[in-house]
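Asker: Chains as they are written, first to last, in the numbering used here: chain A, 4 to 366; chain B, 4 to 366. Glycine is no exception: its CB is placed at the ideal position from the N, C-alpha and C atoms. Can you read through this structure? Questions will come right after.
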DNA sequence: TATTTTTTTGCAAACGTTTTCAATAAAAAT
DNA sequence: ATTTTTATTGAAAACGTTTGCAAAAAAATA
């Protein structure tokens, strides 16, 4: 670590004869004493659903305000709800997840919940992550971009902790999921590329085995086959990043008969592929090679890319996830076993500049 | 919300005569009973620093394992540490913050702490955010890309909650900070652009008033002045995003004598500016217009941008922040009042393709 | 072996809330 | 005015841990 450190000798305030003056934490009992009411009254005054007269509430709030009382949510959490939602994230490469995190945290906050963010990856398996959030007594769990082993969904169910899988689906696992119609998205891409008259197609995946990629590929290929396109291939970049897209595309274009209609499983890969096409092979994007991505991240609209892509309705997906999660929390509280819901939202193609116009006839 | 919902009627397991079979949560007392020891013994067995014989620990762990016991961190938190760190984030536009969040969460997890992520913005003022994390009894607080009102630092200090400001500094506020040497970064940019022979300079800021931007601008301009450059101007994009950079640059290039050496306060703005320069005005980047950004985000290395930029040492900055925060937590625990440290780390210029070679002489 | 020191253990009291239950007060109905 | 119903309150028992204190056990010393 290079750089310099400026150390200020002592704080401006709160020092008195070398000892620290700490403000003792004010609790519910101090408030009760000052207000001249019982401890339970104070508790009720702070809980909207509890039975408490307006007069009482006013008296308590006055005392609380005077003392600067703030409830201890940990203590509350050991009897009542923690108001904590665990959010499990694996993919920190795709900038879409910053947008998604923004929306999750905001939406949860609006509804009085807060986010315990867990980074699952090296040093933290999904198993450990689930155990961890359970130790924190979360009221619910959101799993993004990965899938939960069946054993873990069972554990959550037994503890009555609802789980929603975001942007993945898992057929054999009894758990609610929210994702977009990836198959339809793949079909749109195929149709658009065919309409533009491209003839040799390629699907470029990222991490192998992701349900999203499998669906997008399936949709893409099935539509190609339906429309009698004989020439297509499927390759995998390995990772969900720019370099993987770049490298996979380089490989494609050193073949004897390179493709001319490329569909990438996400925008980042598409950026890599596009840059390989134009800068490494000197081909004209759209005119000679059509490119479609998936996600519609912010940078897809940048002039440097101007990427035609299948847009995922992230905002509605997040909203649906939060709504569903809170609904399941309520149901568990009312001793109803929530049904499993697999919510699939429509995606749509955003036309930009990386695919030539439909109706193009090659000579 | 458009799309379809598939509802599965009932879960595969855990249903029995229309009622839910819940696994009662196993607590420390069940473990104690099974192991035939006291409750406190179990507690100590789970706390590494507590005095507990190996034999006892083994016995307890066996019983705990058999019952599937997991400690309740909320209950623990009301007497001991919560192991929760509040992370306040305002900027969800800049993809750098996804990287930063990745590193913060990972680093904290490695050290046994976990992240309470708060989205401060509309609906959640910084004031509310601080109050909120205090209600959750966080052991420490990290504030990214914004500055804390002095009143709030005092509150945290009184409650013995250490705070580190990340990527900002505040002179008049007694709080530890970690950032890079933004002034030096600005000077590097000036030197490099001058060396390449550009002559009319512009600094393009984002949100007004950010300490980082002020420093970068100050460093840039002061070096221009030192090297006797008479022509420079300062403009502000308003936001920290692509469109602001694009728009600000368009304005610059509709002046009678547009600049030819551009320094943007971050990479996203620079992307916007660069795209304006080449696609809107048809100028050649580097050859005709030099562009330098700040941050060195992933996309700066993409071939489509290949942006020369001042690199912030995010990894070391995060590490320094976490180290310092945990050190202050220990100090508070040992009744030492932590000193205020302002850690400033070196940044460096990453040479890419948006500035022509040094030594260029214009005709 | 007898004594001192150190380590390990259990008991019981916190920690700051919520919640059940019964009692009281207020309102509504007779 | 009396009874019934409903809303509000307080006392005390949870909730699942940690921790101070003292007793007991083990280890070290004489």
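#1: If the cut-off is 8 angstroms on Cβ atoms, which residues from the stretch 54 to 75 of chain B count as contacting chain A, listed in chain order?
#2: For residue 278(A), collect the residues of the same chain with a Cβ closer than 7 angstroms to its Cβ; drop the 5 residues on either side in sequence, then sort them by chain order.
#3: Tell me the rounded alpha-carbon separation between residue 338(A) and residue 80(B).
#4: What residues from chain B crowd round residue 213(A), counting only those whose CB sits closer than 7 angstroms?
#5: In chain B, which residues lie less than 7 angstroms from residue 3(A) when you measure between Cβ atoms?
#6: Strictly by DSSP, which residues pair up with residue 277(B)?
#7: From the DSSP output, in three-state form, read off residue 160(A) for me.
#8: If I'm right that residue 209(A) touches residue 268(A) with Cβ under 8 angstroms, what's the distance once you round it to whole angstroms?
#9: If you check the beta carbons only, do residue 89(B) and residue 136(B) fall under 7 angstroms apart?
#10: For the stretch 327 to 357 of chain B, which residues have a beta carbon sitting closer than 7 angstroms to at least one beta carbon of chain A?
#11: May I have the straight-line CA-CA distance separating residue 117(A) from residue 86(A), to the nearest angstrom?
#12: How is residue 182(A) classed by DSSP in three states: helix, strand or coil?
#13: Quick one: is residue 109(B) near chain A, going by C-beta distance under 7 angstroms?
#14: Which term fits residue 126(B), buried or exposed, when burial requires 16 or more other beta carbons within 10 angstroms of its beta carbon?
#15: Answer yes if the stretch 149 to 161 of chain B comes into contact with the stretch 97 to 116 of chain B, meaning at least three C-beta pairs across the two stretches below 8 angstroms, and no otherwise.
#16: Determine the DSSP secondary structure at residue 117(B), reduced to helix, strand or coil.
#17: Going by CA-CA distance only, name the one from 97(B), 63(B), 194(B), 333(B) that's closest to residue 147(B).
#18: Going straight from the alpha carbon of residue 110(A) to that of residue 93(A), what length do you get?
#19: For chain B, is any of its Cβ atoms less than 7 angstroms away from the one on residue 179(A)?
#20: Can you give the beta carbon distance from residue 132(A) to residue 123(A), rounded, assuming they're within the 8 angstroms contact cut?
#21: Please report whether the beta-carbon of residue 81(B) lies at a distance below 7 angstroms from any beta-carbon of chain A.
#22: With DSSP as the reference, label residue 220(A) as helix, strand or coil.
#23: Quick one: using the 10 Å Cβ neighbour count with 16 as the cut-off for buried, is residue 176(B) buried or exposed?
#24: Expressed to the nearest angstrom, what Euclidean distance is found between the alpha-carbon atoms of residue 27(A) and residue 197(B)?
#25: At 4 residues or longer, and completely inside the stretch 183 to 254 of chain B: list those alpha helix (DSSP H) runs for me, N to C.
#26: So, do the stretch 256 to 265 of chain B and the stretch 304 to 318 of chain A have three or more beta carbon pairs nearer to each other than 8 angstroms?
#27: Cα separation between residue 40(B) and residue 34(B)?
#28: In this structure, how does DSSP classify residue 84(B) when only helix, strand and coil are distinguished?
#29: Hey, residue 53(A) and residue 60(A): beta-carbon distance below 7 angstroms or not?
#30: How about residue 317(B): is its C-beta nearer than 7 angstroms to some C-beta of chain A?
#31: Between the Cα of residue 205(A) and those of 174(A), 192(A), 242(A), 262(A), spot the shortest distance and give me the residue it belongs to.
#32: For the stretch 159 to 170 of chain A, list every residue whose C-beta sits within 8 angstroms of some C-beta in chain B, in sequence order.
#33: Let's see if you can read the secondary structure: which residues bound the alpha helix (DSSP H) around residue 264(B)?
#34: Check whether chain B comes within 7 angstroms of residue 41(A), counting only Cβ atoms and requiring the distance to be less than that.
#35: For the candidate residues 340(B), 45(B), 203(B), 276(B), whose alpha-carbon lies nearest to that of residue 246(B)?
#36: Got a sec? Which residues, its chain only, sit under 6 angstroms from residue 193(A) by beta carbon, not counting five neighbours each side?
Answerer: Concretely, from the data shown:
#1: Answer in chain order: 73, 74, 75.
#2: Same-chain partners within the cutoff: 249.
#3: About 28 angstroms.
#4: By Cβ distance, chain B contributes nothing, its closest Cβ being about 19 angstroms from residue 213(A), past 7 angstroms.
#5: There is simply no residue 3(A) to check, as chain A begins at 4 and stops at 366 in what is shown.
#6: None, per the DSSP bridge assignment.
#7: Annotated three-state conformation of residue 160(A) is helix, per DSSP.
#8: Correct: roughly 5 angstroms between the Cβ atoms.
#9: Yes, Cβ-Cβ distance for residue 89(B) and residue 136(B) is below 7 angstroms.
#10: Flagged, chain order: 338, 340, 342, 343, 344, 345, 346, 347, 348, 349.
#11: Distance between the alpha carbons of residue 117(A) and residue 86(A) is about 6 angstroms.
#12: In the structure shown, residue 182(A) falls within a strand segment according to DSSP collapsed to helix, strand and coil.
#13: Residue 109(B) belongs to the set of residues whose beta carbon lies under 7 angstroms from a beta carbon in chain A.
#14: It counts as exposed.
#15: The answer is no - the stretch 149 to 161 of chain B does not touch the stretch 97 to 116 of chain B, with fewer than three Cβ pairs under 8 angstroms.
#16: In this structure, DSSP gives residue 117(B) an extended state, which the three-state scheme calls strand.
#17: Looking from the CA of residue 147(B), the closest CA among 97(B), 63(B), 194(B), 333(B) belongs to 97(B).
#18: Roughly 20 angstroms between the two C-alpha positions.
#19: Output row for residue 179(A): interface = no.
#20: For a cut-off of 8 angstroms, the C-beta gap from residue 132(A) to residue 123(A) is around 5 angstroms, short enough to register as a contact.
#21: Cβ-Cβ to chain A under 7 angstroms: yes for residue 81(B).
#22: The three-state reading of DSSP puts residue 220(A) in helix, counting H, G and I together.
#23: Classification for residue 176(B): buried.
#24: Distance between the alpha carbons of residue 27(A) and residue 197(B): 58 angstroms.
#25: With a minimum length of 4 residues, the unbroken runs of alpha helix (DSSP H) contained wholly in the stretch 183 to 254 of chain B fall at 185 to 198, 214 to 229.
#26: With a cut-off of 8 angstroms, the stretch 304 to 318 of chain A and the stretch 256 to 265 of chain B do not count as touching, because too few Cβ pairs lie within range.
#27: In this model, residue 40(B) and residue 34(B) are separated by some 8 angstroms (Cα to Cα).
#28: The three-state secondary structure of residue 84(B), taken from DSSP, is coil.
#29: At least 7 angstroms separates the beta-carbon of residue 53(A) from that of residue 60(A).
#30: Closer than 7 angstroms: no.
#31: With distances taken between Cα atoms, residue 205(A) lies closest to 262(A).
#32: Residues of the stretch 159 to 170 of chain A with a C-beta atom less than 8 angstroms from some C-beta of chain B are 160, 161, 162, 163, listed in chain order.
#33: Counting along the chain, residue 264(B) falls outside any alpha helix (DSSP H), though it belongs to the beta strand (DSSP E) covering 264 to 267.
#34: Closer than 7 angstroms: no.
#35: The candidate whose alpha carbon is nearest that of residue 246(B) is 276(B).
#36: Shown here for residue 193(A): same chain residues with a beta carbon closer than 6 angstroms to its own, the five before and five after excluded, namely 223, 226, 227 in chain order.
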